[in-house]
Structures are given as structure tokens and as C-alpha cells.
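All remarks here apply to the structure that follows.
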Amino acid sequence: MLIQESRTYKLAKAALIAVLIAVTPVVAHLRAQTKPLPTAEQKEDPLSVLYKEAEKSLDAKKYKEALAQYEELEKKALEVELKLKAVISFRKASCYYFMRDWPKAETELTAFLTKYPKGTEDFFDADNRRGIAELTLIEVLSSQAKFDAALARLEKIRTNTLARPEDRVNAFTLSAKIVSDRAKNAPDDVRKAALAQAIGLLKQATAEGINTPERREAANKLVELYTKLGLTKEASQLKSEIDAKSSGSPAEVVRSNTQRLEIGDARFAAAEQAADETIRANFYREALTNYQGTLRRLNLTTSFTKAIEAKQAEHAALVKANAKPNPEQAANIEKAKLEVEQFKKYEADFTANKDYDAFVSYRIGLCLLELKRPWEAYVAFKDIFENSPNFSRLAGAYYYYITALRQIGRNTEAQSKCKEFLGKFPNADEVSAIGLMLGDISQAQEDYPEAIKHFTWVRDNVKSLTPETAEEIDFRIAACLFSQVDWAPAQKAFDAFLKKYERSPVRQQVLYMSALCQFFQGKYKETKIAFDLYQTEYPKGQFLPDVQYRQAIVLFGTNPPDIPATLKLCEQWLKDYEKDRTDEVINQMPEVYTLIGDANIRLADEIDKRIKAADLDVRLNSKSPDKAKFVAIKTKLETEKAVLIGKAIDAYEAAAKSARTNPQALEFVLGELKKMLPGRGDHKRMRDLFKEIFDWNHNDPKAMTYLYEVIRSTERMGDMPEFGQRAEKSQKAFSGKLAEARKKVDELERRDKVTKDEVDAGKAAVAKLSTELKVELDKVEADRQTSISDQKKRALKILSDAVSESINDRTQEGTEKLIAFLAEKLSRKVKRVKPGAKPLPGAYTSENAEAEMTKLLRLEEHRDSLVAQARGFFALGQLAALNREPEKTALYFSKIAANYKAEELSPTILAMVGDSLLTKGDYKKAGEYFGYILEHGRSSEYADFAFAGLAEIQFADKKYKEALSLCNEAIDNNILMSKELDLRFIRARCLAEMQKYPEAKKEFEEIAKTKEWRGEKTAASLYWLGLMAERQATDEKGYNEAVAYYRRCYLTWKKYESWSAKSYLSAAKLFAGKLNQKDAAKQLLKEMLEKDRIKDTREGTEAKALILTL
Amino acid sequence: MHHFVRHPFVPVVALLLAASAQAQTFVFKGGERWEINDPLKMDTTAIPPKPATPDPKKGIINAVKGTIDRTTMQGGIEVGLTRKLSEVVDIAWPMPARLTEAQNNVNRGEPGKALDNAEAVLRLFEPMKTISGSWWTKASLIKLDALDRLENDAATASFLDAFEKEEVAKLPAVATQIQLARLMQRARKGDHEAVIAEATELITKIDSSEIQARLHIVKGNSLFAAKKYEAAMNAYLRVPVFFGAEVEHVPKALLGAARSFRGMDSPALKEQKLEAISNRYLYDIIVTFPVSKEAEEAKKLLPKEERAKAEADQKKIAEGGPLPEGVIMAKPKLRPEEAVEGNK
């Protein structure tokens, strides 16, 4: 629930209802009071004059004056007909009624009803006014809280079958009103019972339909009561019925709209109170439906205009038809005239309310925000800015608009709107909320200087900040300084905060952060004091685990470091929080282990110095009898160091394994372990650790890196230290024997009397020993190779497992990366041979690699998966590409194209295969694949392939405008990952073909001069620049300019024979034709045809033909 | 009798239905009222359905002669009465079932069938097209919709030319519809900038919610074609936001919005997950408007995994299951012809 919204929402609601009620008509009880007294007109006696004056005063709403005149008339008119006395009594009662003098009105009305059983008879018209007097009396009684008396009178009317039907209907309506009014302040259950009773009465009033104004009035009241009781379904149904019967009068239209809004408001209010999510959403939906069904200003204005025109026509018709009206006709004309004026008043009142549409949009927007439809809410609030910029609740609209913008992830736009708001409404209520939001967005985006700027502005400029907001802003500024590692200012800000807000609810956090500022400044002494203070104030504080950890770091960081104390604190920490599974502790755990590792490394470093000294001693005493002693010292120290390093590695490993939620710690310790473990030949440990981390989440962005380490370590595991040891042992074992045998041969050769056989025998013995050693070493090497090969197989198996896991999931874009990785591994195994040469027997060929790839991808297991099979072809295609077998790549990709629909493939495959198809000229299929990417994968890393591919296809189809549009779209939206050059090149060509030469030239020149793009497109751009110059040339200078570009192309870019050939030919043609230099042309063509790479091209053939004509 | 015995309730139900249904009545000069046999009414119990047997007490329209013929009993003698169609001054006729079907055909993307149904109504009311209560204008507008769905510009243009010459075309509401149809034709011809400008201007002047909804869609379509995806999204979304009661236009707008979100998508905006938002709209269409042309389109656009989910959820909702979070089920407005007083 949006608490802040609810408050603003209520304000908005109140304002709108006030406007709408203001234009709702008041039911008049004394109708036709302006009708002239016929007899008085005929006899202009003083009594008539006095009566006319009294009527005039009454008409002018001068009730006191009118009452005095009627009283005077009463005194003077003693000898008149009874009905005239009744008229005076009725009028007096009316005056009291309008003056709200309820007791006197009651007395006079009672007198009228008692004394004049025939009422005013036919004085006014056929209505003798007894009915209306009765109802007025009831209302007067009700106004004096004499509910029982009022209801008793109403019951008489309701049950009187002789009473006029309208009076009976009115009696029901009034009874319902009194029943509900009477219970207004009663307890809930009583009030609800009363409302139910009122509903019963109104149902009786409408039982025979709603064809008369009285019955419709009753029905409208019923709608209101239904709405109050939350019976919106009934309210909506009845409302539709009333609307269908509507006469179209502005009063009815406005009332109908009010009811719709009220029903919507009732639903909205109910939604805000509903605890159940589903019910709440349903209520919001119902509210939204009602708001959406409300007529907008344009509709209402039109219906007003129509109603007024109809009424004016009715009035005009009456005037025309009754040129000399009798009193009754005159009364009808007057009535029509009054109605026209009344309608106009409604229209004027409505027109004066400029906020109407904006309030409807506002309510719709709120419902949509609550329904978690921020995009639609964004549209609703945007409507207010576009169409009702002067909306009285514009400040509120800004707030929700910004909220919607944040929810749809448009933070920059949200901030811009915040700034706009702060500039426009510096004194609005929402300033602090929006100012905070502005800073909050910057803070969330880690733009701390900007956040501080915004927070400071709010603090310094907003006058109406609540103390809580002011405190929050001070805290946020300090927190931002902290986040931007501005430790000294942050600490100053925190300290100032602590002084200013001694009892702040965030005191604990501020105390802790202030200490951290000291810590990060390396002020360990002060840090210890600050953390000690924290621990004293908050012995069970929420930051205690971190504080204790930092205390250990302080001990480690002081000079000289107290490492034993550090390790002790760390061990204690691990013991204390062993069973604590809170997020903070889980996060802290790897850091504590890391500190243990660091401390052990430091200890090892200390020993290292001593080892160096011991080593020096050993060397200095190499010939002394104490050598053994020094060697023993050195060995002992080395053992101690190894133990410490081992402890450090254990600690780092424990840190890594517990750092799933702490990526920074993980990165650090993995870095350390990557330095230490391979050097120690601990590849298995390395492999196991990375495998465990990789298995946490295969979709993690770093998963590929972890997998890479797993593969590498696994491969290295094959080359175990034992092979080296075995080889060394063998060499040691043979070295003595060999030395002795060689010595023997030497001795023999030095002897004087030695036979050749003896020498040969000695040499043979040496050779035998050498052979035996070689056999031994070969055996070790063979075992080593077998081990390496086994481990490589295991590595591939791991990779195969990883691929197999996601090979069926089309949405996993990482699978193709794994496949590419696998292909690379297999490709390295292939023994390459020169084209045409046969591979050596038993050599690992590309066919072997393909077979192994198929096996590793476990395609047999995934036979039913379309995407897995497609990925199989893709893998083989990739492998072929790495093995430099482009035909095979094209073959495998064409199999994908032939067998798979776009929706069955991933964006990567679509892009790669699409590109291959494009090269092969299969534009239709390529277009289908690229089109699918554009439709479904614009955010894919391969979206640029689709733009470039489709643009190329359109270009080839000579649809330059469409191709240009695609290029522009990609370039303007920065969709240029690896196809920027292609897109720019196509754009340039499109511009050229559309004869937009200056723009095209700019594009081609940009390509030609960009170093990073040097290559085929540079050559092509030069050719196109030449072509454009040629097309625009009108004189020799122009043609020479074209030739210059062609020349640059063929001289600089010979290796791109297609462009080079085109340039040669084009230049030669210009020489032969426009420039009339046939010799130069001939020479150039000869030069062209001397190039091996060019002479057999299409241009080469054309050149041969051309040269014959010169 | 045999049937009555086996199904004694049937006649009672029929009676009730007859009582609740509104009779087709012509009012002549002088106030005389004749109940008329509905010539479009079919006897659906027959296989294949055939035109219903006329009630002898009611009048029969003779379109060839331009008369209404009726037989009445006067003093025990059967007397044939004839009045000219030109004498009819008022018509009380509930919305013809074929017109309702034509509207549904349009919504379901069956313009050919829509044309067949609308044409039948047009033929029936042709001689009385200007008379109050005639369904001719409504049928013409549905035909216009059907032609638009067919995207047959030549036929639409020809129909519009003829329609514009009719008296009813001067009525503001009809004139606006014609203007709208012309606008749609221009949009199809690729005159998007002009369509956008004109639609924007018209939106501020039109008071009919239905036409406003249509205009927003036309504007959205042109903005989309001009690759102004953000603006197109804004235009389309105004329909479900402000004209949610115009149910027949909501799916079109949602589909347009879904496509616009896809157009807006790029690697740089990956974090906004615009494709997921787009898919959410497609899901809404399938779930909320399952029998519509747009639902079929949405199914094509949705990735197959999500399509399967949407279809399954739609079935659950159809069986009375709760709405998934965030779905705005637009409540149909009470159509004028469904109001108590029928088409008056």
C-alpha cells in the first residue's frame, strides 16, 4: 500500500467531490412560487398589491421581508376565501422554512394542514400543496431531530392509497433519509442496520420502476446507500439503469458521474483497507473500471451543449406556439426559461472547474500504481502534464509520476522531473519528499556528490521540512560522504549528527559508522576508542559482529601488529557466531577467515626473514662442522613457514567457501588462492574449490570464469608432482651407477694395456644403463601423459556436464559461450595437416573432434530437444570454423537453417547462422532469423547482427530507405557491439545510392580514416568515394578526383582483390572515356591484369575486353 | 404434443424468452405500431439452419415492393393490410444478431464473415436508413471496420465515397468515423507524419470515447511505423488506461504497446527488461481476450514457453480461477443497444 499516496489521494478526493457536489441541484420544495396570482391581476386592490409585493420578495429570496408582508396581509385579509387564507399560511410556512426557523415552520405547517383540509385548493394549480406541506413538515421535524414524529407522518403517507403516487414515493425516499440520518452517529452495527432499513424503504420507492423523476431520485439515493455499504455491484447495476433512463439533463449527467466516482472511491478506500492481496487487487480493479467509465470534460461539455440546445428549442417552441399565453402556458414558458438558465449555470459551474479531467487521470494513475502497472500509471500521470498543466494538485501528480518513472527504471528522467518540480514549486508540500527522492535516486545510482548536492539543497532551501526529514537528510549526507570514501568529512558529519540528534533512532548506526571512518583513515588508536564506546553503549548492538571483527583488524593493523591477539579475536569471533545465520554474520564470515589467512601470511613473512638469515648461515658455514646445525635451523623454520602457509590457505579456502553472499571477499581470496595453490601443485584442491563455487549458480555472470579455472586445474591435475619425483628418483638411482660405469670406461681408456673389447664392454655397460634409465623415464612420461590425458578427459566431461545442463534451455545465452569454449578445447587436440595431405595414422583429426563433440554434448540424451539438436549443429559449425574448414561450417549452419524455425533457436545461433546464410545469399531465411531477433531479442548481445543483416538484405533489394532506417536505428540506439563497421558501411552506401553525397562522403571518410577499422571496409570506402566522385563529376577535375580515390584503393589495398579490381577498372574506364587518356588506360589495364589475384575476376575479364578496344 | 409431454418445461422457457425479448416494431405516421417478423431470424433447430417461419400475426417486409404486409382478423374475416416502408417514422428494433456477429467477426479477425453479416443488415435497413432506430448506420460502420481489417484500400475507398454521400454521413459521429477511416487509409499508404498530426488534433476535439480509442490506436500505428516506439507506446497505452471500457479496442492497443516495448528495447536498456514487459502485455491479451485476432497474434509473438503458460492460465481463468497479479480485466461498458430502451 502506498502510504504517502493515500494521504495525497484523500486530498484529491475531497477536492473533486466538493466541485461536483457544488453543481448538483438542491431539490426545491416550493415549486411555482413565482406564479402570479390571477385574481390579484384582475383586481388591483391594496391586498393584491401587497400579495404581489410579498411574492416578489419571496422570489428575491428576501424571506424576512416577505414574511412581514404576508403577516400584514394576514391581518388585513380577514374577509377572504378560505383558500386565500391557506395560501398566506403556506407562504408564511415557506418563509420560516427558508429562514431555517424550524419551530415556527413546524407550527405554521401544522396549522396549515390542520386548518385547511383542502389546502390551497386550485389557487396555484391542480396541486393544493397539502402534499408538499406534509413533506416539508416532516423535513422540519427531522431537522429538529424529531425523527419519530417525522417517520410517523411519513408512514401515514406511505400507507395512504389515496395519496398521490409521487407523494408516496417521496415519502419513502424521505423516510429512508431520516432513518439513515438518525443513525449517523450511532455505533457501527446500529448504523448498518439503519442503512439496511433505508435501503428497504428505497427499494419500495423504486419497486415499480424508475420512470418518474421522484422514483429516479429514490434510485439515486439507493445507489448512494449501496455505495456506502460497499455493495458496489448493486450500485453499479442500478446506476446503469438510471443512466439508461436519464433525461440527459446536466444535473443528471453530473450526478451520474459523481456516483461513478463515488463508487470508484468506495472501492479504492476498501482496497486500501483490505488485508488480502487478491481482494485488494480486485477492489483496485473495480475502482479503476469506475474511474475509466467516468465521462471526460469533452464528453460532458458536449452533453451540456446538447441539453441546453434542446431546452432552448423547447422554450422557443413554447413561445412560438403560445403567442398570447394563458396563465398556465405562461407558467410553462417561464419554467422552460428557468430550466435553460439552470442548465447554463451547471455548465458554467462545470467549466469553472478546470481540474476535472486531471483528477480523473490522477485517480486512474493511483489505481494503476497500486495494481503494479507502473507503465500505465506513467501514461496516466503524463496525461496530466500534457493536458492539465495548471492542475491544482500538480505537485501530487509530480510525486506519483516520479514514483512511476522510478518503478519503470527511468531514473534519469525521474531526476529531471524532480529538478523541474523543485524549480517550479519551491514551497509545495511535496518539496521535501521529492527532494529526498532526487537525492535518493543519485544515492541508489552511487552518484554520491550529486546526492549530497540534492540533499544539501533540500536542507538549505525547504522551509517546511519536518524534524524527522531534516534528521534523515543530515544522516543521508553523512552516509553519502561515507559511501564515497571521504572518511574525514564523513566522520565530521557523523560526529556533528551525534551532537545535534542525541536521541536519534539511528544513533547506534551513526556511532558505528563514525568509528568506521576512523578505521578507514588508519587511525587505529581512535578506532579502538570509538568501537569500545559502541560496545559499551550497545553491548548487544546490531553491528557487534563487524565491530569485533574490526577490533581484530585494529590489532593486526597497529605497528607492530599483535598477531596472536588478532588470531585469538578471530577464533573467538568464529566461536561466538558459529550458529548465527543472520545475513550480517554470513557476510562477515569470509572476511574473518580472510583476516586469519592474512595474519598467518604475515607470520610466515616474518619467518621468511629468519629463513633467509638461516640460509645465509648455512652458506657461510658450508665447510664448517656447524653446517648441519644451521641446516637443521633452516629446515625447522621452513617447516614452520609451510605450516603457517598451510593455515593461511585453509583460512582463505574457508573464506571462499563461505563467501557466496560476499563477492568482494570472494574475489580477493580467490585471487590469493590462484597465486598459492597452483605453485604448490595443489591443482585438485583448486579444482574442487572452483567447482564448488561454479555450482552455486551456473547463471552467475562470473560462472564462466569459475568454470574456466575448473577446467584448467583439472587439466593440470594430470601432471602430478609424483611423476617428477619418480623421474628424479630414477635419475638418482641411475646417476651413481652411470657415473661409476663411465668412470670405469675412463679408467680403461687411460690404461696402457687395454683391449678394445674391454673398452667396448665398459661402454656397452654405460649404454645399457642409459637405456635402462631411458626406459624408466619413458615409463614415467607415459604414465604422466596418460594421467594428463585422463584429466583432460575429466575436464571435458565437466565442460560437457555444464553444457548438457542448459542445452535444452533456449533462453540461456551462456550455453553458446560454453559450446565455443568446448569447441576451442577440442580444436586444440586436432593435428592439423596441409591442405590435400593425409593425416598420420592414429592422429586426432577434425572428424575425431566432431565425434567427440557430439558425444560430449550428449545429443543422444537430448534427442527430443530441438534447441539441443540445433546447438549440436552450431557446435560442429564452430568447431569447423576453428579447424579452418569454412565449407563444413556453412554446411552445419545450413542444416540449422533447413530444419529449425527461428523461434526454436537462441539469439546467438540465429545471429551466427543468419550471418552465414547472408554470405551464402539465402536472404529469405537470413531475413527470417534476423527479423526474429529484432522482434524478440533486441536486448541480446547479438541484436546488432540482426540490424546489420536486415539492412544488408534491404540494400541488396535496393530498398535504400528501409536499409538506412535500420542502420540509423541501430546507430542511434547504440546497438553496435560487433557490427558497427558493417552498419556504418551500409549506411554510407545507402546515402550514396540515395544521392545524399555529402553525408555519404562524411561516412566513408570516417570509415577510411579509422585505424581500428583498417581492412576490407577501408578499401571498399575508398572505392565508394571514387564512385561517388565519378557520379558527381562534371569536368576533368571531378573525374581526376574520382581517379585519385580509385588509385588510393588499388595501390594501398591490393589484398582485397574485389575492391582493388573494381578500382582499377573504374579508373581505366575514366581514363579511356571522360579523361581521354587511352594510353594511360591501356597501361593501367595491363598493370591490373598482371595481378594474379585480379586477372581472373569478373572485372579482369571485363578489363581484357576493354583493352582490346583501346 | 409428444414433445410437450417429454419436455413440459420447454414451452414455458420459450414463453419467458419471448416475453423478455424485445419485439421488432415499426411506427407509422399517426402513431400506428406494427410488430414485424425479423427476416434475419434463423431457425437454428433445423439442420442446416433455415429462415424462421414468420409469425402470421406480424408484418412481413417485402423489400421488392417496398411494403410491409400483414394479415389481420376483422369480424372473423382475414384481412390483408399493406403499408409502405416510406411511411415508417420510427423503428424499435433490438440490435440484430447478425450485426452482433459481424462485430464479433471483426474482433476475431474474420473480416470476410463480418462483411457477409453486415451486408445482410444493410440490405434489410437500406430503405429505412435515415429513420430513427435504423441499424443501417451501425452496419455501415461495422462494414467499414471489416474493410479496414481486409486492408482492401480500393474497396474501402469506394465504400467511403458512397457512404459520404449519404445523409447520415453529416451526423458528427458518422462524419468522424469516416474521417477516421480515411486516416487509416492514409496510414496504410505510409503517410505517417500527416496521420500523426491529424490524429493528434482530432483527439482533442472528439468527445466519443470509442473514437478517441480508435484515434489513439491509429496514431500509435503510425508512430510505430515511423519507428517512434516510445511515443507509440504512449499512444497505445492511453487506450487501456483511459478507455478501458472500450473493450474491443483494448487488445489492439495492448498488442501495439507490446510491439512498441520490443521496438524500444536495446542492449543498453537491458536492465529495464522491456522484452519481459512486452511479453507481459502479450500474456494479458491471451488471458483477457482469448477470442480475438490479437490473441492469435500475441501467441505468435510470445516465446513458446511463455505462450504455453499464458494458454494454461487463460483456461484456469475461464474456469473461474483468480486473475494473476497485475492483470487489468477491463469491464465491458453497457452498450447502448443493451440498455433498457434498446436502440431508441
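Line by line, the protein sequences are chains A and B. Be aware that the first sequence starts at 0, since it is given in numbering that gives the first Met the number 0, and climbs by one per residue. Be aware that the second sequence starts at 0, since it is given in numbering that gives the first Met the number 0, and climbs by one per residue. Idealized CB from N, CA, C, for every residue including glycine.
Quick one: what's got a C-beta closer than 6 Å to A/Ala1119's C-beta in the same chain, skipping five residues either side?
-> One cannot answer for residue 1119 of chain A here, as it falls past the ends of chain A, which runs 0 to 1109.
For A/Gln41, three-class secondary structure by DSSP = A caution first: A/Gln41 carries a pLDDT of 47, below 50, which makes its placement in the model unreliable, though a value can still be read off. Helix at A/Gln41.
Contact under 8 Å by Cβ, A/Asn495 with A/Leu480 | A quick correction: the sequence has Ala, not Asn, at residue 495 of chain A. No. Outside cutoff.
At a CB-CB cut-off below 8 Å, which residues of chain A make contact with B/Glu274?
-> His935, Gly936, Arg937 and Ser938
Which residues of chain B have a Cβ atom closer than 8 Å to the Cβ of A/Lys381, listed in chain order?
-> Asn233
Give me the Cα-Cα distance between B/Phe242 and A/Gln291, rounded to the nearest whole angstrom.
-> 6 Å
Is the Cβ of A/Thr288 closer than 8 Å to any Cβ of chain B?
-> yes
From the DSSP output, in three-state form, read off B/Ile35 for me.
-> strand
Secondary structure of B/Pro48, DSSP reduced to three states | coil
Kindly list the residues whose CB is nearer than 6 Å to the CB of A/Met685, restricted to its own chain and excluding five residues on each side of it in sequence; keep chain order.
-> Leu676 and Ser712
Can you tell me where the beta strand (DSSP E) with B/Ala62 in it begins and where it stops?
-> Unbroken run through B/Ala62: none, as it is neither H nor E.
Excluding the five sequence neighbours on either side, which residues of its own chain have a C-beta within less than 7 Å of the C-beta of B/Leu214, listed in chain order?
-> Leu179, Ala198, Leu201, Ile202 and Ile205
Given a cut-off of 8 Å, decide if A/Gly876 and A/Gly913 are closer than it, judged by their beta-carbon atoms.
-> no
Identify each residue in the region 1005-1016 of chain A for which the Cβ-Cβ distance to at least one residue of chain B is less than 9 Å, and report them in chain order.
-> none
Which residues in the same chain have their Cβ closer than 7 Å to the Cβ of A/Lys633, if we skip the five residues on either side of it in sequence?
-> Ile610, Ala613, Asp614 and Val617
How would you write the range of the beta strand (DSSP E) that B/Ala91 sits in, first residue to last?
-> Val87 to Ala91
Option nearest B/Asn220 by Cα separation, candidates B/Glu270, B/Thr43, B/Thr129 and B/Gln184 = B/Gln184
From what residue to what residue does the alpha helix (DSSP H) around A/Glu87 run?
-> Correcting the residue type first, residue 87 of chain A is Ile in the shown sequence and not Glu. Its alpha helix (DSSP H) spans residues Leu81 to Phe97.
Mind checking who B/Leu80 pairs with in its DSSP beta bridge?
-> B/Arg69
Do you know how far the Cα of A/Leu153 is from the Cα of A/Tyr115?
-> 19 Å
Expressed to the nearest angstrom, what Euclidean distance is found between the alpha-carbon atoms of A/Cys417 and A/Arg405?
-> 11 Å
CB contact below 8 Å: B/Ala267 versus chain A | yes
Starting from the beta carbon of B/Gly319, find every residue of chain A whose beta carbon is closer than 9 Å, and list them in chain order.
-> The contacting residues do not exist; B/Gly319 stays about 14 Å from chain A at best.
Any chain A beta carbon closer than 8 Å to B/Pro93 = no
With burial defined as no fewer than 16 other Cβ atoms inside 10 Å of the residue's Cβ, what is the status of A/Pro164: buried or exposed?
-> exposed
Report the neighbours of B/Pro239 on chain A: residues whose CB is nearer than 7 Å to its CB, in chain order.
-> Glu375
Let me know the secondary structure DSSP gives B/Ile139 once reduced to three states.
-> The question names Ile, yet the displayed sequence has Ser at residue 139 of chain B. In this structure, B/Ser139 counts as helix in the three-state DSSP scheme.
Verify whether the separation of the beta carbon atoms of B/Leu273 and A/Ser938 is less than 8 Å.
-> yes
Output the distance between the C-alpha atoms of B/Lys227 and A/Gly229, rounded to the nearest integer angstrom.
-> 44 Å
Contiguous beta strand (DSSP E) assignments of at least 3 residues, all confined to the region 183-261 of chain B = none
Nearest candidate by alpha-carbon position, reference A/Arg1046, set A/Ala1019, A/Leu602, A/Ser255 and A/Asp1034 | A/Ala1019
Span separating the alpha-carbon of B/Asn36 from that of A/Arg284 | 43 Å
How about B/Ala244: is its C-beta nearer than 8 Å to some C-beta of chain A?
-> yes
A/Ala92 vs A/Ala104 beta-carbon contact at 8 Å = yes
Report the residue from B/Asn104, B/Arg69 and B/Met127 whose alpha carbon sits nearest the alpha carbon of B/Val88.
-> B/Met127
Please confirm if A/Met703 has its CB atom under 8 Å from at least one CB of chain B.
-> no
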